[in-house]
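**Student:** Sequential numbering from 4 applies to the sequence shown in the numbering used here.
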Amino acid sequence: MFKKIFKSIKINNLEIKNRLVSTGLATNYCNKDGTVTQRYIEYNEAKAKGGWGLIITENYAIDEVQKGSPFLPGLWNDEQIEGHSKLTEKVHNCGGKIVAQISHPGRQAKSFLTGAQSVAPSPIKDPTIDEMPHELTVEEIKVIVKKFSDAALRVKKAGFDGVEIQGGHGYLINQFLSPFSNKRSDEYGGTILNRCRFILEIIDSVREKVGEDFLVSIRISADEFVDGGLTIEDSKVIARILENAGIDVINVSFAVYKTLHYNVPPAAVPHAFAVDLAAEIKKVVSIPVITVGRINDPFIAETVLLSDKADLVAMGRAGLADPELPNKAEEGRVEDIIRCIGCLQGCVGRPLKGQPASCLVNPLSGKEKEFDIKKTNNKKKVFVAGGGVAGMEAAIILAKRGHEVHLFEKEPQLGGQWLLAAVPPHKEELNTLTVWQRTQLNKLGVNIYLNTELTKEIIDKEKPDAVIIATGATPFVPNIPGKNSDNVILANEVLAGSDKIGKNVVVIGGGQVGAETAAHLANHGHKVNIVEMQDSIVKMGIPLVNYFLMKDLKENNVNIMTNTIVKEILEDSVLLERNNEVMKLDNIDTVVMAIGSKSENKLAHDLKGKGIEIITIGDAVKVRDALSAVEEGYRAGLQM
Ligand code: SF4
4 MFKKIFKSIK
14 INNLEIKNRL
24 VSTGLATNYC
34 NKDGTVTQRY
44 IEYNEAKAKG
54 GWGLIITENY
64 AIDEVQKGSP
74 FLPGLWNDEQ
84 IEGHSKLTEK
94 VHNCGGKIVA
104 QISHPGRQAK
114 SFLTGAQSVA
124 PSPIKDPTID
134 EMPHELTVEE
144 IKVIVKKFSD
154 AALRVKKAGF
164 DGVEIQGGHG
174 YLINQFLSPF
184 SNKRSDEYGG
194 TILNRCRFIL
204 EIIDSVREKV
214 GEDFLVSIRI
224 SADEFVDGGL
234 TIEDSKVIAR
244 ILENAGIDVI
254 NVSFAVYKTL
264 HYNVPPAAVP
274 HAFAVDLAAE
284 IKKVVSIPVI
294 TVGRINDPFI
304 AETVLLSDKA
314 DLVAMGRAGL
324 ADPELPNKAE
334 EGRVEDIIRC
344 IGCLQGCVGR
354 PLKGQPASCL
364 VNPLSGKEKE
374 FDIKKTNNKK
384 KVFVAGGGVA
394 GMEAAIILAK
404 RGHEVHLFEK
414 EPQLGGQWLL
424 AAVPPHKEEL
434 NTLTVWQRTQ
444 LNKLGVNIYL
454 NTELTKEIID
464 KEKPDAVIIA
474 TGATPFVPNI
484 PGKNSDNVIL
494 ANEVLAGSDK
504 IGKNVVVIGG
514 GQVGAETAAH
524 LANHGHKVNI
534 VEMQDSIVKM
544 GIPLVNYFLM
554 KDLKENNVNI
564 MTNTIVKEIL
574 EDSVLLERNN
584 EVMKLDNIDT
594 VVMAIGSKSE
604 NKLAHDLKGK
614 GIEIITIGDA
624 VKVRDALSAV
634 EEGYRAGLQM
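#1: Residues around the ligand SF4, please: the ones whose beta-carbon is closer than 6 angstroms to some heavy atom of it, in chain order.
#2: Going by beta-carbon coordinates alone, are isoleucine 344 and valine 364 separated by less than 8 angstroms?
#3: As a quick exercise: from His409, Cys199, Asn62 and Ala119, pick the residue whose alpha carbon is nearest that of alanine 154.
#4: Who are the near neighbours of alanine 304 in its chain, counting only those whose CB is closer than 6 angstroms to its CB and skipping five residues on each side?
#5: DSSP state of isoleucine 250, grouped into three classes?
#6: Using 8 angstroms as the threshold, is the C-beta distance between valine 624 and valine 509 below it?
#7: Leaving aside the five residues before and after leucine 641 along the sequence, list all residues of the same chain whose C-beta is less than 8 angstroms from its C-beta, in chain order.
#8: Can you tell me whether asparagine 604 is buried or exposed, with buried defined as 16 or more other CB within 10 angstroms of its CB?
#9: Suppose contacts are defined by Cβ-Cβ distances below 8 angstroms. Is glutamate 204 in contact with valine 158 by that definition?
#10: Where does glutamine 416 fall in DSSP's three states?
#11: The beta strand (DSSP E) spanning serine 539 covers which residue range?
#12: Between the Cα of methionine 543 and the Cα atoms of Met564, Glu519, Lys557 and Ala525, which residue gives the shortest distance?
#13: Which class does glutamate 519 belong to by DSSP, given the choice of helix, strand or coil?
#14: Do isoleucine 206 and glycine 249 have their C-beta atoms closer together than 8 angstroms?
#15: Take isoleucine 59 as the anchor and find which of Pro108, Ala402 and Ile168 has the nearest alpha-carbon.
#16: Please report how far the alpha carbon of valine 497 lies from the alpha carbon of lysine 557, in whole angstroms.
#17: What are the start and end residues of the beta strand (DSSP E) that includes proline 581?
#18: Taking all protein chains shown into account, do 16 or more other C-beta atoms lie within 10 angstroms of the C-beta of glycine 652, making it buried, or fewer, making it exposed?
#19: If contacts are defined as beta-carbon pairs under 8 angstroms, then alanine 225 and valine 288 qualify, I think. What distance do you get, rounded to the angstrom?
#20: DSSP three-state call for proline 326: helix, strand or coil?
#21: Of all the options Val24, Lys331 and Lys89, which has the alpha carbon lying nearest to the alpha carbon of isoleucine 341?
#22: Please say whether asparagine 507 and isoleucine 591 have beta carbons closer to each other than 8 angstroms?
#23: Check asparagine 380 in the structure and name its three-state DSSP category.
#24: Give a yes or no on whether the C-beta atoms belonging to asparagine 445 and histidine 409 are separated by under 8 angstroms.
#25: I need the boundaries of the beta strand (DSSP E) containing isoleucine 173, first residue and last residue.
#26: Could you check what DSSP says for glycine 77 in three-state terms: helix, strand or coil?
#27: Taking the alpha helix (DSSP H) that methionine 395 belongs to, which residues open and close that run?
#28: Check for me: the alpha helix (DSSP H) holding arginine 157 runs from which residue to which?
#29: Below 8 angstroms on the Cβ atoms is my contact criterion, and I expect histidine 87 with leucine 78 to pass it. Report the Cβ-Cβ distance as a whole number of Å.
#30: Spell out a yes or no on whether the segment 576-588 and the segment 451-466 are touching, meaning 3 or more CB-CB pairs, one atom from each, closer than 8 angstroms.
#31: DSSP on histidine 406, reduced to helix/strand/coil?
#32: Which residue spans inside the segment 200-269 form an unbroken beta strand (DSSP E) run of at least 3?
#33: Around the C-beta of glycine 369, are 16 or more other C-beta atoms found within 10 angstroms, so that it is buried, or is it exposed?
#34: So, with DSSP's three-state summary, where would you put glycine 640?
#35: So what's leucine 422 in DSSP terms, helix, strand or just coil?
#36: Taking the C-alpha atoms as reference points, what is the distance between proline 73 and serine 121?
Set out below in structure tokens:
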């Protein structure tokens, strides 16, 4: 099935068993003092067990103060080495190879997190951070060069198989390389060679300390996607300079914080979208080149290698979604691979709130110990009400633990609201989770009853030991005059494929569902208005995902009316009020209600006092994001 991805490769002295590289993302799993936690070790160990040829860690801080986020691993002092040695030992015991990435954030750091002013080649604020960095003096540059090489030596002493210097993603080295952020006129600025001086000094110093036979990689942003920033042609020159300086492998990434929506691309960004950047670099160097960027499937990785556009393929979030991806691919169990759906809810959303990273499609990731699945010694007959993503997840875990599981779904197919959520543009990949869950349910022999709503009567008759209620939510319709008119339809009905939608549409409600339904309709030729009572639409959700949604709405000329309330729905128009002024939208064929949903938990009330063990999960408890719902399903499966 795969000819290329399982071919070994030797880089410097390191034998790497396959071409699949698991790259890190900021997980918040380490301690504030940069030391490892058991969680961080187990998370990386899971990847080593899962068969990745090479693991490249998230960025290790080289300085106690200058860190991009508080819970990064660190190797800025010798005391930190011991803990990280435990990590490398575990990875090696599982046959894995692991490289530590070392980094300095430069101006992409916030002082309220670090307690210090950020530093940069030039006194220019990062466009995403309203703080002026301190312009580094030449003496200060030399100190940072030493910090990099001291950290690299600690990487070697901790037993890592190599070190990667983070020279991309808008961090300090990237800031020196880029004319976007480096406006110096001394020996560190101006010409491309001068802009490379900082990294060249780091490479020299690192080599001197780790020796010639230790793998040294560099990550670069080959295109920053910003006006005045590095382009691929600049980066080709830089790549040649880096090769001449003795770098062993180039990890070709892209973007900076200003273009973070590409740096951590959501599902709206095409698969392997940056592979041509790697291909261009590969043309001008003879050392191996790694590509990355929305590659979430071994078939895509194989095709990239077959196209000869890179020598290795890195996957960040795909490794969080399924640390066992390589093993499953090699064993031909591709249907068992859990694919990253590009939602960013767990891997970006949680860390943005200061919480540890998690994954919507794989609650086990990062909780390897807490969520470990153990066989039950108290087998129960468990009924699960509702075959949405939360109910299916619960049923899978229950079945894996050895319970007798019966899953009831009132609709003709499994998936619930998730099936509708997969309809708008760029959401199609949500279906990969539904397909995976259905496959697992079938493999595990779960009894599935479609077109069957689990009722009190069924429970009275069949007498299960326990019931998990995952009945989800139903749309909420506010009491707007005219809400029962023939021209009114629910967003769910639109997404389910209703043929009752006219050309001119008003969507009432600019939350995620309203905006996505509007985008879906606009993409299919409708003229769409969104009416939202708050001051902006899609207030909730992940900004990087919303960036593309807003772009889509704009490109499709969707008329967005904020701070506006609906007074009345008329036969062919909608009466609105904004700033005490009444307005009318005329020639409206269809009004779509997308105000929100309310929990559907009637069964939980019906079963009160019956003495049956009950766990209610997901939207049936409270309407929230799918990340919480799936996680609760998993947890409920463990609790029984
Ligand atoms: Fe992918 Fe979503 Fe999991 Fe992040 S949370 S790794 S985007 S599936």
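Where is the CB? At the ideal position from N, CA and C, for every residue including glycine.
**Tutor:** Walking through what the data contain:
#1: Arg320, Leu323, Ala324, Cys343, Ile344, Gly345, Cys346, Leu347, Gln348, Gly349, Cys350, Cys362, Leu363 and Val364
#2: yes
#3: Asn62
#4: Ile8, Ile298 and Val316
#5: coil
#6: no
#7: Phe374, Ile376, Ile400 and Arg404
#8: buried
#9: no
#10: coil
#11: Per DSSP, serine 539 belongs to no beta strand (DSSP E) and is neither H nor E.
#12: Glu519
#13: helix
#14: yes
#15: Ile168
#16: 21 angstroms
#17: In the sequence as presented, proline is not what sits at residue 581; that position holds arginine. Counting along the chain, the beta strand (DSSP E) containing arginine 581 begins and ends at 577-581.
#18: This structure gives no information on residue 652, because the portion of the chain shown stretches from 4 to 643.
#19: 12 angstroms between Cβ atoms; not a contact.
#20: coil
#21: Lys331
#22: yes
#23: coil
#24: no
#25: Correcting the residue identity first, residue 173 is glycine in this sequence and not isoleucine. From DSSP, glycine 173 is part of no beta strand (DSSP E); its letter is neither H nor E.
#26: strand
#27: 392-403
#28: 141-160
#29: 7 angstroms
#30: no
#31: coil
#32: 218-224 and 252-256
#33: buried
#34: helix
#35: helix
#36: 14 angstroms
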